Amino acid sequence: MVRMEQSRISEIQLGITAAAIAGDSGSVYRLVAHLLDEGTPFETVVFDMLLRSEREVGLRWQAGDYLVTEEHAATATLETVIALLTGSLDQPEKESAVVVATTPGDSHSLPARAVAAHLLYLGHRTTFLGANVLAPDLREYLEFDPAAAVVLSGAMTSHLLGARDAIRASHSAGIPVLVGGRAFGENGIWAERVGADAWVASPGEVADHLESWAPDVHASEARAKNPGGVLERVMERHNAVLAEAEALLAHALGEPPGARQRTELATALLVTEASMLVDDPRPLLDFSRWQGHMLDAHGFRSHLALTTALSEALEKTVPEASEWIRRVVSHGMD
Ligand code: B12
């Protein structure tokens with residue numbers, strides 16, 4: 043009996059994934075609406091089924107089984123279905139809202155949308171601001187409509203500086219911030235350093251946490267790390283470092299770097315700055331490992347040239363960064 047139920051759920055899961063890849067929001071919606079009608083909990087449908095399909099699609103796209111366009115179609119479809127599920131829910135009038143967004147610069151909005159949907163479902167007034175809300179805009183919004191909390195979702199360490207800005211902006215309006223997502227490292231190791239009041243592992247735990255926490259935004263700010271010293275210098279010279287790195291890469295390759303390589307250089311510099319912010323070489327080392335595999339998989343044999351160009355450009359443009367580079371290199375050889 044239990045096995046039959048499990049195999050039916052697996053079939054529905056497969057159906058959701060297949061329809062999502064085909065961009066068929068109607069079919070996905072009907073499958074999950076039926077489950078909800080049968081009494082399947084909302085969180086099971088959103089977190090264990092819709093987000094599971096996204097993870098499955100993401101992994102299979104990384105493995106080369108799906109085209110990037112199939113991944114895009116699936117993400118857009120699943121996001122549409124989550125939006126449809128929340129369309130019938132009323133916003134409670136009285137409570138102050140929980141504001142949900144991604145960290146500035148980060149476009150991975152699907153988990154944030156799922157968290158927002160769940161909070162609304164549980165009866166919290168919830169405002170989903172979507173991807174890439176800049177810190178000054180967030181601050182302005184919070185002053186206009188003070189919230190109970192901000193929930194920030196981050197998928198990429200390249201936007202940890204953006205997370206720090208958004209958290210500082212929320213704190214300056216007196217609003218605590220809960221964060222989640224892979225950007226904050228394993229067990230949320232970098233969450234405290236960017237000033238978060240809490241880190242939560244899974245989207246389904248956010249509501250419980252918001253109901254039981256006792257955040258102290260001043261204490262969180264006091265623990266946070268802010269750009270200063272070498273990092274401040276690198277940020278000031280950000281564009282000059284990139285221009286120098288592109289010139290060095292062009293020299294090494296014997297031709298100007300293409301759009302892809304320029305984007306990868308720019309992301310690597312952002313991750314370098316993020317690593318400096320949290321004072322930990324691991325964001326950069328993890329990113330560099332991932333970038334090497336990814337460039338290899340896409341037929342660009344230039345990862346070593348790219349990392350060499352960036353570290354040389356950094357050293358040349360901001361000589362104070364040399365010690366940091368040595369630290370990263372020696373950590374990477376451990
Ligand atoms: C969909 C997707 C996109 C879509 C996002 C669309 C959207 N509306 O969300 C688009 C196409 C925009 C995109 C763009 C890019 N992406 Co992308 N993307 C993905 C993908 C395939 C799925 C992400 C996802 O939603 N997963 C489902 C969620 C539920 O799983 P999860 O992220 O693991 O989250 C878990 C926890 O972290 C936690 N969690 C997540 N968020 C939150 C939030 C809270 C509050 C809480 C409590 C918990 C929580 O819950 C989940 C529990 O299981 C992943 C691959 C993958 N395997 O995940 C890459 C991935 C995240 N992307 C990646 C990259 C590199 C990019 C790009 C740079 C690609 C490029 N070169 O242009 C751009 C960056 C754009 C930007 N500035 O942000 C990399 C990041 C690698 C790295 N080391 O940093 C990944 C890992 C793919 C890869 N391995 O190559 N991407």
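So the sequence shown is numbered by this note's numbering: it starts at 43 and just counts up by one. Quick reminder that beta carbons are idealized off the backbone N, C-alpha and C, glycines included. Predicted model, so just to flag it, every value in this text is computed and none were measured.
Leu203 versus Ala316 - alpha carbon distance: 6 Å
task: Let me know the secondary structure DSSP gives Ala143 once reduced to three states.
output: strand
message: Less than 7 Å between the beta carbons of Leu152 and Thr128, yes or no?
response: no
query: Considering only residues of the same chain and omitting the five flanking positions on each side of Ala308, which have a CB-CB separation below 8 Å?
result: Leu284
query: Can you find a heavy atom of the ligand B12 that lies under 6 Å from the Cβ of Thr117?
result: yes
- request: Give every residue of the same chain whose Cβ lies closer than 7 Å to the Cβ of Val259, excluding the five residues on either side of it in the sequence, and list them in chain order.
  value: His213, Gly216, Pro218 and Asp239
- prompt: Which runs of the alpha helix (DSSP H) fall wholly inside the segment 235-279 and span at least 4 residues, in chain order?
  reply: 248-254, 259-265 and 271-278
message: Under 6 Å: does the beta carbon of Met198 sit that close to some heavy atom of the ligand B12?
response: yes
query: Is it the case that the Cβ atoms of Gly227 and Ser195 are separated by a distance below 7 Å?
result: no
- prompt: Excluding five sequence neighbours on each side, which residues of the same chain lie with their C-beta closer than 7 Å to the C-beta of Val123?
  reply: Ser67, Val70, Tyr71, Val74 and Leu92
- prompt: Of all Cβ atoms in chain D, is any one closer than 7 Å to the Cβ of Arg302?
  reply: Given the protein chain composition of this structure (a single chain), no chain D is represented.
- request: Locate the alpha helix (DSSP H) running through Leu352, then write down its first and last residues.
  value: His345 to Thr359
query: Taking the C-alpha atoms as reference points, what is the distance between Glu263 and Glu80?
result: 46 Å
Neighbour-count burial assignment, Leu56, 16 or more Cβ in a 10 Å radius: exposed
message: Just to confirm my understanding: we take Asp207, look at its own chain, exclude 5 residues before and 5 after, and list those with CB closer than 7 Å. What are they?
response: Pro146 and Ala177
query: In the DSSP assignment, what are the bridge partners of Thr169?
result: Val141
task: In the DSSP assignment, find the alpha helix (DSSP H) that holds Leu220 and state where it starts and stops.
output: Per DSSP, Leu220 belongs to no alpha helix (DSSP H); it is in the beta strand (DSSP E), Val219 to Gly222.
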